[in-house]
Amino acid sequence: MKDMATSLDETQVPPATDPLVAKTALTVSGAVKYYPNAPMPALNDVSFSIAENEFFTLLGPSGCGKTTLLRSIAGFEDLTSGSIRLDGDSIESLAPNQRPINTVFQHYALFPHMTVAENVAYPLRRLRLDARAIERRVAEMLALVKLAEMADRKPAKLSGGQQQRIALARALAPNPRLLLLDEPLSALDLKLRREMRTELKQIQIKTGITFLFVTHDQEEALAMSDRVAVMNNGQVEQIGRPEAIYNAPANEFVATFIGETNALSGLVEKTGSGAAQVIVLGGIALAADADLAVGERVGVSVRLEKVDLRPPGEGAVDAIVEQTVFLGTDTVVHLKVGKETLQARLQHTDRARPVPAPGDHCSVHIDPGAATVVARSNR
Amino acid sequence: MQDAAAVAQRSYRVGEARSRRVMLSPALTVLVVGLVCPLIIVLVYSFLEAGTYGGVEWRFSLEAYQQFLFQRDIFDDSLSFSTAYLEIFGRSLFMAVLATAVCLAIGFPTAYFIATRPPEQRMFWVFLITVPYWVNLLIRTLALLFIIRDQGPINAALQGLDMIDAPLRIAYTDFAIVLGLAYSYLPFMILPIYAALERSDTRLVEAAYDLYASKARVLVDVVIPGAKAGIIAGAILVFIPSIGSYLAPDILGGGRELLAGNLIAQQFQASRNWPFGAACAVILMTVVMLGLIQFVRSQERTRRGEMR
Ligand SMILES: Nc1ncnc2c1ncn2[C@@H]1O[C@H](COP(=O)(O)OP(=O)(O)OP(=O)(O)O)[C@@H](O)[C@H]1O
Ligand SMILES: [Mg+2]
Numbered sequence: 019m020k021d022m023a024t025s026l027d028e029t030q031v032p033p034a035t036d037p038l039v040a041k042t043a044l045t046v047s048g049a050v051k052y053y054p055n056a057p058m059p060a061l062n063d064v065s066f067s068i069a070e071n072e073f074f075t076l077l078g079p080s081g082c083g084k085t086t087l088l089r090s091i092a093g094f095e096d097l098t099s100g101s102i103r104l105d106g107d108s109i110e111s112l113a114p115n116q117r118p119i120n121t122v123f124q125h126y127a128l129f130p131h132m133t134v135a136e137n138v139a140y141p142l143r144r145l146r147l148d149a150r151a152i153e154r155r156v157a158e159m160l161a162l163v164k165l166a167e168m169a170d171r172k173p174a175k176l177s178g179g180q181q182q183r184i185a186l187a188r189a190l191a192p193n194p195r196l197l198l199l200d201e202p203l204s205a206l207d208l209k210l211r212r213e214m215r216t217e218l219k220q221i222q223i224k225t226g227i228t229f230l231f232v233t234h235d236q237e238e239a240l241a242m243s244d245r246v247a248v249m250n251n252g253q254v255e256q257i258g259r260p261e262a263i264y265n266a267p268a269n270e271f272v273a274t275f276i277g278e279t280n281a282l283s284g285l286v287e288k289t290g291s292g293a294a295q296v297i298v299l300g301g302i303a304l305a306a307d308a309d310l311a312v313g314e315r316v317g318v319s320v321r322l323e324k325v326d327l328r329p330p331g332e333g334a335v336d337a338i339v340e341q342t343v344f345l346g347t348d349t350v351v352h353l354k355v356g357k358e359t360l361q362a363r364l365q366h367t368d369r370a371r372p373v374p375a376p377g378d379h380c381s382v383h384i385d386p387g388a389a390t391v392v393a394r395s396n397r
Numbered sequence: 169m170q171d172a173a174a175v176a177q178r179s180y181r182v183g184e185a186r187s188r189r190v191m192l193s194p195a196l197t198v199l200v201v202g203l204v205c206p207l208i209i210v211l212v213y214s215f216l217e218a219g220t221y222g223g224v225e226w227r228f229s230l231e232a233y234q235q236f237l238f239q240r241d242i243f244d245d246s247l248s249f250s251t252a253y254l255e256i257f258g259r260s261l262f263m264a265v266l267a268t269a270v271c272l273a274i275g276f277p278t279a280y281f282i283a284t285r286p287p288e289q290r291m292f293w294v295f296l297i298t299v300p301y302w303v304n305l306l307i308r309t310l311a312l313l314f315i316i317r318d319q320g321p322i323n324a325a326l327q328g329l330d331m332i333d334a335p336l337r338i339a340y341t342d343f344a345i346v347l348g349l350a351y352s353y354l355p356f357m358i359l360p361i362y363a364a365l366e367r368s369d370t371r372l373v374e375a376a377y378d379l380y381a382s383k384a385r386v387l388v389d390v391v392i393p394g395a396k397a398g399i400i401a402g403a404i405l406v407f408i409p410s411i412g413s414y415l416a417p418d419i420l421g422g423g424r425e426l427l428a429g430n431l432i433a434q435q436f437q438a439s440r441n442w443p444f445g446a447a448c449a450v451i452l453m454t455v456v457m458l459g460l461i462q463f464v465r466s467q468e469r470t471r472r473g474e475m476r
């Protein structure tokens, strides 16, 4: 804690270049958490590590254990088993006020009887910085969140978005080794949430502080993160860069939780060396790089935008348009292919190609490389 | 259409006002009969002449108020300024402040203890707090006297342990009065503070703890400010009955030195000077009320400051 105080001014660190080369900031290994009297664990063997300067996001549905994990890292909960290391040192025996980790809470948790400036100065006072350094740091932080003119107000007189920024400034002020953010944007309206998303990312780059961000909003996770860990039922389902999570989901849960997808059932037709061909919708051949056996039934995920609609006869299988849903920049088309249903997302960029109407006949083409095998029925 | 809506709304409002009056009437009756009427009687009596055998003579007089500040010489009937009654009031004020402080010192930790128990246990602790108060105040005060008197268990224990030679003088002292006052009104301090603590935002506690505050700092910076409303309510609820209290000073103080409550009681009993007793009550009430109004005003000013 003492050396944190001295390193306050060295915040202009460049962002991480390569997470593999960069130094590891936080390592969680084998984290298990049972709440008293709860039959199921809130965390069930969670392991991951975060590189220095990384923007790392925990993404998962409500109740999957995100807050529990964050509170364990902050020191408010004890793990049933497993370990948490910060810069290589175990921090489990440290109280929250001894960990160089700060939290931005979902409901801001600003001290109502203190002014904005006093709120931001609070952690610095507790770290016993001298008055001049505190004043300088508070001004710097308020400038960072663009609220310098609010310094003397009480939090109750600020809007939700402004309060959230002050909470951010307060948590960043002591220059923590790791910043935890528990759904910090979820109480804001959509427009503000989008703005704050960009700003949060910029602040993370500017300060060079490692962020561990929690959300159940996949768009938020994909937009801001260097890497995302998708959680479900107290377990990590997949960790990867946003593109990898989106384009190559590791399993059906990740595929359906992130973005919209067609979950299709396919039959493995022929296998080569490490590559297989899977037939879906009774006639579309897709490539799969998994090691599959001929005749095996598998679950395949195909993103809506990967489904291509062509005039009748030109695609691999014929389809009938059941319904179209206009969504502004694109339209989602619900199709019937034989007995199965399929959805396609058409971008409104190609003005020459009209959007089909319900009842229209068309045919479907899917690029062989567009699919991901997400489920194996049996081996 | 519009007219119909307006009529409907008006008749709704009339109906609402009527039903509100009906619903409020029991409370209003109690307030008028139990509070306003006695206050008016006291106020009127304080401006009358004393009857020879108690009661009042229905003649207007400022004699009672004069008596509070001036002493009448028995021989030449001249008035001289006297602080005797002011001193009694001052002592009462001092005792009430001490009793409030003692209640706060004991009540806050107790309330904090209850508020930090698991939710399902809290009602049990609140219940325990109220148990002694099922017994009548007079009995409780007498019981306290038996505990602290020279032959009581405290002195017996201390002497048994050879820690003291002669019994410690606790009963019939100012200390005993403060102790008795604090004991009488302790729940009025504990319960509002408990309510405030229970409602207070535990997330703020966590935030402060996360931001490098020690546990003691969390208490001072977050918990106490969060319970401020409860502390104020508790202090008022203890202070007001303490300053006019009659039983504790009479029994535990041995009635050796008068406090405001005993002074007033004496005027209606032994001294048979009802107007003077009424005047003392009116003065005490006015002082307390002005003090309270001043206090509430200053509180509101700081609250408004907080919103700025
Ligand atoms: N104090 C507690 N006692 C018992 N069970 C708890 C406690 N806190 C959380 N749980 C349980 O642990 C599981 C994980 O909860 P957690 O709050 O970590 O989820 P989350 O991912 O943060 O959800 P959300 O997105 O709704 O905030 C849930 O099933 C929840 O019911
Ligand atoms: Mg949560």
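Protein chains in written order, with the working numbering: chain A, 19 to 397; chain B, 169 to 476. Positions of the beta carbon are idealized from the N, C-alpha and C atoms, including for glycine.
In chain B, what lies closer than 7 Å to residue i by C-beta?
i, result
"Arg183 (chain A)", "Residues of chain B passing the Cβ test: none, with the nearest at roughly 15 Å."
"Thr121 (chain A)", "Asp378"
Considering Cα atoms alone, identify which of the options is closest to residue i.
i, options, result
"Arg183 (chain A)", "A:Ser67, A:Met168, A:Gly387, A:Gly83", "A:Met168"
"Leu405 (chain B)", "B:Leu305, B:Thr341, B:Ala350, B:Thr470", "B:Ala350"
"Gln235 (chain B)", "B:Ala218, B:Trp226, B:Gly222, B:Phe243", "B:Ala218"
"Leu237 (chain B)", "B:Arg471, B:Thr470, B:Ala447", "B:Ala447"
"Val316 (chain A)", "A:Asp326, A:Ala281, A:Phe66, A:His131", "A:Ala281"
"Gly398 (chain B)", "B:Ile358, B:Leu306, B:Thr284", "B:Ile358"
"Trp442 (chain B)", "B:Pro287, B:Val464, B:Gly223", "B:Gly223"
"Ser352 (chain B)", "B:Pro409, B:Val456, B:Pro321, B:Ala283", "B:Pro409"
"Val248 (chain A)", "A:Ile227, A:Phe275, A:Gly226, A:Glu261", "A:Phe275"
"Val246 (chain A)", "A:Leu76, A:Ala49, A:Pro54, A:Lys209", "A:Leu76"
"Gln124 (chain A)", "A:Gly179, A:Thr390, A:Pro194", "A:Gly179"
"Ser177 (chain A)", "A:Gln116, A:Ser243, A:Leu128, A:Gly78", "A:Leu128"
"Val270 (chain B)", "B:Ser193, B:Ala403, B:Arg178", "B:Ala403"
"Phe249 (chain B)", "B:Ser260, B:Gly258, B:Ala264, B:Tyr233", "B:Tyr233"
I want to verify the contact list: residues of chain A whose CB lies under 8 Å from the CB of residue i, in sequence order.
i, result
"Ser382 (chain B)", "Asn115, Arg144"
"Arg385 (chain B)", "Arg144"
Taking Cβ-Cβ distances shorter than 8 Å, what residues in chain B pair up with residue i?
i, result
"Tyr140 (chain A)", "Ala376, Leu379, Ala381, Asp389"
"Thr85 (chain A)", "Neighbours of Thr85 (chain A) on chain B: none; closest Cβ ~12 Å, over 8 Å."
"Thr225 (chain A)", "Going along chain B, no residue has its Cβ under 8 Å from Thr225 (chain A), so there is no contact; the nearest lies around 17 Å."
"Pro192 (chain A)", "Leu379, Tyr380"
"Arg188 (chain A)", "Leu379"
"Ala127 (chain A)", "Asp369, Arg371, Leu372, Glu374, Ala375"
So which residues on chain A does residue i lean against when the C-beta distance must stay under 7 Å?
i, result
"Arg188 (chain B)", "Near Arg188 (chain B) there are no residues of chain A at all, since even the closest Cβ is about 32 Å away, more than 7 Å."
Just to confirm, does residue i get its C-beta within under 7 Å of one of the non-hydrogen atoms of ligand 3?
i, result
"Lys84 (chain A)", "Summarising the ligand content, the structure contains ligand 1 and ligand 2 and does not contain ligand 3."
Fill in: Continuous alpha helix (DSSP H) assignments of at least 4 residues falling wholly in the region 259-292 of chain A
Counting only runs of 4 or more, we get 260-265, 270-275.
Discussion item. Give the list of continuous alpha helix (DSSP H) stretches no shorter than 4 residues that lie fully inside the region 207-247 of chain B.
Written reply: Runs found: 231-237.
Worksheet item: Taking the runs of the beta strand (DSSP E) that are 3 residues or longer, which of them lie wholly in the region 346-394 of chain A?
Response: 348-355, 358-365, 379-384, 389-394
Fill in: the region 199-207 of chain A touching the region 225-239 of chain A, judged by at least three CB pairs closer than 8 Å
yes
Worksheet entry | Short-range partners of chain B found in the region 88-105 of chain A, where Cβ spacing is below 7 Å | Ala92, Phe94
Worksheet item: Is it true that the region 439-446 of chain B meets the region 366-378 of chain B, where meeting means three or more beta-carbon pairs spaced less than 8 Å apart?
Response: no
Worksheet item: Any residues in the region 282-303 of chain A with a beta carbon nearer than 8 Å to a beta carbon of chain B? Which ones, in chain order?
Response: Considering only beta carbons, no part of the region 282-303 of chain A lies closer than 8 Å to chain B.
Worksheet entry | Against chain A: residues of the region 282-293 of chain B by CB proximity under 8 Å | none
Discussion item. If contact is defined by three or more beta carbon pairs under 8 Å, each pair taking one atom from either stretch, is the region 409-417 of chain B in contact with the region 146-157 of chain A?
Written reply: no
Fill in: Validate contact between the region 43-60 of chain A and the region 68-82 of chain A using beta carbons, cut 8 Å, 3 pairs
yes
Worksheet item: Using 8 Å as the threshold, is the region 243-256 of chain A in touch with the region 48-65 of chain A, meaning 3 or more CB pairs across them?
Response: As far as the Cβ criterion goes, the region 243-256 of chain A touches the region 48-65 of chain A, which means the pair count is three or higher.
Discussion item. Using 8 Å as the cut-off, can you tell me whether the region 326-336 of chain A makes contact with the region 372-384 of chain A, which would need three or more C-beta pairs spanning the two stretches below that distance?
Written reply: yes
Fill in: Segment contact, 8 Å Cβ cut-off, at least three pairs: the region 273-288 of chain A with the region 354-366 of chain A
Yes, the region 273-288 of chain A is in contact with the region 354-366 of chain A.
Discussion item. Please give me, in chain order, every unbroken run of the beta strand (DSSP E) with length at least 3 that falls completely inside the region 256-286 of chain B.
Written reply: The DSSP assignment places no complete run of the beta strand (DSSP E) inside the region 256-286 of chain B (cut-off: 3 residues).
Worksheet item: Counting Cβ pairs, one atom from each stretch, are 3 or more of them under 8 Å apart for the region 301-311 of chain B and the region 325-338 of chain B?
Response: At 8 Å Cβ cutoff, the stretches do not touch.
Item to complete: Determine, using beta-carbon pairs with one atom in the region 363-372 of chain B and one in the region 280-290 of chain B, whether at least three such pairs fall under 8 Å.
Response: Counting Cβ pairs under 8 Å, three or more are found: they touch.
Discussion item. Quick check on the DSSP output: what are the complete alpha helix (DSSP H) runs of length 4 or more inside the region 26-105 of chain A, in order along the chain?
Written reply: 84-92
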